[in-house]
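S.K.: Numbering (our numbering), first residue to last: 21 to 112.
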């Protein structure tokens, strides 16, 4: 038994094509918005990283102080090792 068709075949094809065009338009619109959001997030993160790198740079005075501090640390370690070496030789 065959069911009766409520619309003509041409009308069905027209509705199908119209719905297909609506779907393609919606997919292209979603793709555009998705790509725009990804671009904004990417540019925002790059901007944030560059800003943080720029603001966290040390001034020449801070660099000089850090260098002096590092040199003092190295000299203290050398003196400590020399002291241990001298104690070791004295005990023998």
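We put the beta carbon where it would ideally sit given N, CA and C, even for glycine.
1) Since residue 86 and residue 78 are thought to touch, with beta carbons under 8 Å apart, how far apart are those beta carbons, to the nearest angstrom?
2) What are the boundary residues of the alpha helix (DSSP H) that residue 89 is part of?
3) State the start and end residues of the unbroken alpha helix (DSSP H) segment that holds residue 44.
M.R.: In terms of the structure at hand:
1) As a first step, residue 86 is located in the chain shown; it is residue number 66 there, counting from the start. As a first step, residue 78 is located in the chain shown; it is residue number 58 there, counting from the start. About 7 Å separates the two Cβ atoms, so the contact holds.
2) Reading the chain shown from its first residue, position 69 is the one you call residue 89. Counting along the chain, the alpha helix (DSSP H) containing residue 89 begins and ends at 80–111.
3) Here residue 44 is taken as the residue at index 24 of the chain shown, counted from 1. Note, residue 44: alpha helix (DSSP H), 29–75.
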